[in-house]
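In this text, residue positions in the sequence shown follow my numbering: the first is 471, and each later residue adds one.
Structure first, then comments.
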Amino acid sequence: MTSETTTADKAYLQPTAYIDSDHPIVLTTARELTDGATTETERLGRIYHYVRDMPYDILASFRYLAHGESAASDVLAHGIGFCMGKASSFVALSRAAGIPARIAFQALDAPKMEFLSPEVRTLWGGPVGRPLPWHSLGEAFLDGRWIKLDATIDAPTATRLGKPYTVTYDGRTDIPTVEGPVLRDNGSYADYPAAVAQWYEQVAHEVLEALDSEAAHARVAGDDVLWSGPDPELVRRSSVA
């Protein structure tokens, strides 16, 4: 057993505040998904496809996130998610199935933001299209190495909007996001960094307020500081890789 494997086993199989892999709904879902699977590769593949093809809807997700429902179990209970919830669900289910997993973040260049709900797109995009500064995805430790498996956009939506997945899951190859090119990697973490999780919750609150008020809409749409997210260098101090 390598030191990397030992570290992965110890650090990335534990439940955390956002990755509540010991919650009954997480445990039950993981058990049902992996029943009959004979290899870790097969177990992880079933989890990946289940999370990926959970419907993607950022506005619907913001509605429950704004009420403090931010754990992986909340996402599974609602059955709908965006990148934050898709990543946390994937990591929690993987851990519940005995596969070490962690959260990773990337900044994306996605000026059209075609996957966002129109209401959110109008606010986030601004006059020229802002980047997605803290896109979330999952990583799993399989066969001695970490692989990135982006499960954010469900396959039917990706195909419908002209950005189908081009990489097939095989347990070895990274599956990148279909949302746009990666501008920057923001590190990997055992749990959501508090600054990032709190930022997403703030964005959810601001978006919902903006939908109820023209004045708030103008303020939120023009708030470049809000949409830039936490400083990556400060957050990276708690990165594990």
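Backbone N, C-alpha and C fix where the C-beta goes; we use that ideal spot for every residue, glycine too.
| query | result |
| --- | --- |
| Does the Cβ of A481 have 16 or more other Cβ atoms within 10 Å, making it buried, or fewer, making it exposed? | exposed |
| To which residues of the same chain is V690 closer than 8 Å at the C-beta, ignoring the five residues directly before and after it? | L593, E676, V677, E679, A680, L696 |
| Starting from the C-beta of W616, find all residues in its chain whose C-beta is less than 6 Å away, skip the five residues before and the five after it, and write them out in chain order. | E609 |
| Write down the C-beta distance between L612 and E512 rounded to the nearest angstrom, noting that I regard them as a contact closer than 8 Å. | That belief does not hold up - the Cβ atoms of L612 and E512 are roughly 11 Å apart, past 8 Å. |
| Looking only at its chain, what residues have a beta carbon closer than 7 Å to the beta carbon of S606, apart from the 5 residues adjacent to it on each side? | C553, M554, A557, I573, F575 |
| List the endpoints of the continuous alpha helix (DSSP H) containing E676. | 664–682 |
| What does the Cβ neighbour count give for D640, buried or exposed, with the cut at 16 atoms within 10 Å? | exposed |
| In this structure, how does DSSP classify V648 when only helix, strand and coil are distinguished? | coil |
| Which residue wins for smallest C-alpha separation from Y659, given the options P626, A688, A571? | A571 |
| Tell me W604's beta-bridge partners as DSSP assigns them. | W604 pairs with nothing; no bridge assigned. |
| Applying the criterion that 16 or more other CB atoms from any shown protein chain within 10 Å of the CB defines a buried residue, is V590 buried or exposed? | buried |
| Just the Cα atoms here: how many angstroms apart are H548 and A665? | 24 Å |
| Compute the beta-carbon to beta-carbon distance between R516 and T498, rounded to the nearest angstrom, for a pair I have assumed lies under 8 Å. | That belief does not hold up - the Cβ atoms of R516 and T498 are roughly 14 Å apart, past 8 Å. |
| If you drop the 5 nearest sequence neighbours on each side, which residues of the same chain put their C-beta closer than 8 Å to that of D492? | P485, A566 |
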